[in-house]
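Okay, so here's the structure we're looking at.
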Amino acid sequence: MVRLFCLLSLITQASIAATITVNVDRNPIHINESVECVFEAKGRLQGKPDFKPLYADFDIINQTASTQMTIINGQQSRSQTWTLTLMAKKTGNLIIPAISFGQDHSTAQILTVLAASQSTDGQKEDVFIEVEATPTNPYVQSQIHYTVRVFYAISLNQLNLSEPRLSSGEMIIKQLGEDSQYETKRHGKRFGVFERQYALFPQHSGKVTIAPLISEVQIIEGRGFRAKSRLQRIRSKSIALNVKAIPSSFTGNTWLPAKNISLQETWSEKTSQFKVGKAITRTLTLFGEGLMVGQLPEFSLSHDPKIKQYADQPTLEEQDNKQGVLSLREEKIALMPSEAGEYTLPEIKIPWWNTQTDRLEMATLPARQITVLPATIDPNAMPLAPLIIQNTSSPIQNQPMASKTHNIWMWISLLLAIAWIVTLIAWWYHQRPRPIPKEKPISDHAAFKKIKQACHHAQPIDTKEAILNWAKIHWQDSAPNNLGDIAQRCGAQVSIELQTLNQILYSPHTEKQWEGKALWHAFKTYHVQQTRMPKKTGKSELAPMVLT
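Under our numbering, the first residue of the sequence shown carries the number 1270, and numbering increases by one thereafter.
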């Protein structure tokens, strides 16, 4: 009886064991073309499929699953299907390995992968990609105009592009404008074109390569209900760059490679005459073409101590078009003269390197002569003592009363005069320029600790203020004016992290969350190195990007 039960159990298990078949939609295929691999199981499976063995020779681009149940003449049947879109990693006879479904297994299959067709100009291809970069010998931190075009003479359902990247070193990438689509002809053949443009800013000098760009396109084959799609991967050529270092003839403190830079000023009043105690606003605007807003420097203004200056928060804007990146920095400074006289606002010069003419140029605002007049007092605003009238023709018996009236008016006049003097003193007190309260100085260690706190709490604005305060204490004899100067003194790693902080602070399209741990680690490493070795002077080969 026991033997009979075991035999019946084996027969039952064999009758319900799943049958798994494997099919591909095309064989052979070319490299960089996708293939659909379908696993179909009929019967009850003992487990879920494990597709990990496929990763040895294939990329799994997409995966879908479906289940179908049918009942015919009271008999129930069940089938499950897994459809995988695969992309081969190499050419040759590749094995689609047996896949385990619990205790059940599929059968292995051989897929032949051929090399891509050799076509250098794209005229024999239905879909190909072209790239170009201008210039190929840029200066470090200057703009490279990088254009990508995908040509297609067949129906596409989907197109994905990877981002440009360098073979080595750091690079800042900005997409320019919106993607465009149009039609053209190549060698008598009509193509649709998908175009995308970038601005690239290499951060290190030397010979580097823009790696091939990879595009995945979904091609539609057939029409109507017979239409099918397949995925094809195409690659662009690589582009070699020779990134030049800062030229020795550049004399500025901040490296500014640009197509054009201009400097303008406006005033809240159209006059060259000022008055003591009355503020007037001067607006300075710096325009940069081919520069990011984070590269524009702060204005370093010298002035006479008798003219106080109060700067507002700068306005920073960054735009882009098909020609590249445009940036603007605007600062409003309130000028408050404290003494009358003749003064000169000194000339403002900002050195920059013209990447079009390959030479040093200067954005300049000429010196400005101003006259400061003494403060004027509005007599209508001053209370006047009343006029005292005495009737000398009154009878003798009325003189005591007149004398008493005279005394009353004398005291009233005295009180009004005192009130007028108090009013004048109060007016002068409120109109005089008030000194900016000085913060109590703190130690270098305490200021450095504030950087740590701001970084650990991931607070970009507080981190910037803490770094600037620490720098004023750390370099008392020659305190830096902005984050760019600090980056230049603290080395490459701090410079890179300060660039990231700058993008978070001022980029209008930045949405990612900033983590301050990397910046703190860079500053901590710099601080440890400074305590172990003497300070070095001199200009490094790569001046970091000017940050604000």
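Every residue, glycine too, gets a C-beta built ideally from N, C-alpha and C.
Residue i: which of the options sits nearest, CA to CA?
i       : options                            : result
THR1633 : PRO1297, ILE1530, GLN1372          : ILE1530
SER1419 : PRO1471, ALA1686, LEU1482, VAL1409 : Ser is not the amino acid found at residue 1419; the sequence shown has Val there. Measuring from the Cα of VAL1419, the nearest candidate turns out to be LEU1482.
ASN1429 : LYS1317, ASP1448, ILE1441, GLY1438 : ASP1448
GLN1487 : ILE1479, ARG1499, GLU1567, THR1478 : ARG1499
HIS1796 : LYS1311, ASP1754, TRP1697, CYS1759 : CYS1759
THR1554 : LEU1642, SER1346, SER1747, LYS1618 : LYS1618
ALA1367 : ILE1773, GLN1378, TRP1739, TRP1744 : GLN1378
ARG1504 : ALA1480, THR1769, LEU1788          : ALA1480
GLU1490 : ASP1395, LYS1454, GLN1578          : ASP1395
GLN1315 : SER1369, ALA1496, LYS1321          : SER1369
SER1335 : THR1352, LEU1737, GLY1593, ALA1509 : THR1352
SER1518 : ALA1548, ASN1406, ASN1511, PRO1620 : PRO1620
LEU1445 : ARG1637, LEU1788, ILE1773, GLN1592 : GLN1592
ALA1609 : LYS1547, ASP1746, ASP1581          : LYS1547
VAL1763 : ASP1754, PHE1792, MET1679, LEU1737 : PHE1792
When you compare only the Cα positions, how much space is there between residue i and residue j?
i       : j       : result
LEU1565 : LEU1323 : 51 Å
GLN1412 : SER1537 : 35 Å
ALA1287 : ARG1502 : 35 Å
GLU1630 : SER1571 : 22 Å
VAL1293 : ASN1331 : 14 Å
PRO1297 : SER1484 : 22 Å
TYR1698 : ILE1711 : 32 Å
GLN1542 : ILE1639 : 6 Å
PRO1471 : VAL1477 : 9 Å
ASP1627 : GLU1432 : 29 Å
GLY1312 : GLN1349 : 8 Å
GLN1799 : TRP1524 : 25 Å
LYS1741 : SER1607 : 27 Å
GLU1784 : ASN1750 : 25 Å
ILE1300 : LEU1380 : 11 Å
VAL1417 : GLU1587 : 23 Å
ILE1677 : VAL1691 : 21 Å
LEU1744 : THR1794 : It should be pointed out that residue 1744 corresponds to Trp in this sequence rather than to Leu. If you take the alpha carbons of TRP1744 and THR1794, they lie about 18 Å apart.
THR1550 : GLN1533 : 14 Å
LEU1684 : ALA1603 : 39 Å
Below 8 Å on the Cβ atoms is my contact criterion, and I expect residue i with residue j to pass it. Report the Cβ-Cβ distance as a whole number of Å.
i       : j       : result
TYR1415 : TYR1467 : 4 Å
PRO1583 : GLU1558 : Contact doesn't hold; Cβ gap of about 19 Å is too wide.
VAL1382 : ALA1357 : 4 Å
LEU1363 : VAL1304 : Not quite, the Cβ-Cβ distance comes to about 10 Å (not below 8 Å), so this is no contact.
LYS1513 : VAL1409 : 7 Å
GLU1616 : ALA1636 : 4 Å
Determine the burial state of residue i: buried for a count of at least 16 other Cβ atoms within 10 Å of its Cβ, exposed for fewer.
i       : result
LYS1733 : buried
SER1375 : buried
GLN1659 : Its pLDDT being 45, under 50, GLN1659 is placed unreliably by the model, and nothing is read from it.
ALA1686 : exposed
ILE1341 : exposed
ASN1426 : exposed
MET1561 : buried
TYR1266 : No statement about residue 1266 is possible, as the shown extent of the chain runs from 1270 to 1817 and does not include it.
GLY1771 : Correcting the residue identity first, residue 1771 is Asn in this sequence and not Gly. The residue is buried, with at least 16 neighbouring Cβ atoms inside 10 Å.
THR1231 : Missing from the structure shown is residue 1231; the chain here goes from 1270 to 1817 and no further.
ILE1289 : buried
SER1278 : Confidence is the limiting factor: at SER1278 the pLDDT is only 45, short of 50, which leaves the residue's position unreliable, though a coordinate-based value still follows. When all chains shown are included, SER1278 counts as exposed.
LEU1642 : exposed
PRO1318 : buried
GLN1757 : buried
Taking only heavy atoms of the ligand GTP into account, decide whether any of them is closer than 8 Å to the Cβ of residue i.
i       : result
VAL1293 : Here there are no bound small molecules, and the ligand GTP is not part of this structure.
(Q) For a minimum of 3 consecutive residues, which ranges assigned as the beta strand (DSSP E) are wholly contained in the region 1337-1419? (A) Listed in chain order, they are 1344-1357, 1361-1365, 1378-1383, 1396-1403.
Q) What are the complete beta strand (DSSP E) segments, minimum 3 residues, inside the region 1578-1614? A) 1584-1590, 1593-1606, 1610-1614, all fully within the region 1578-1614.
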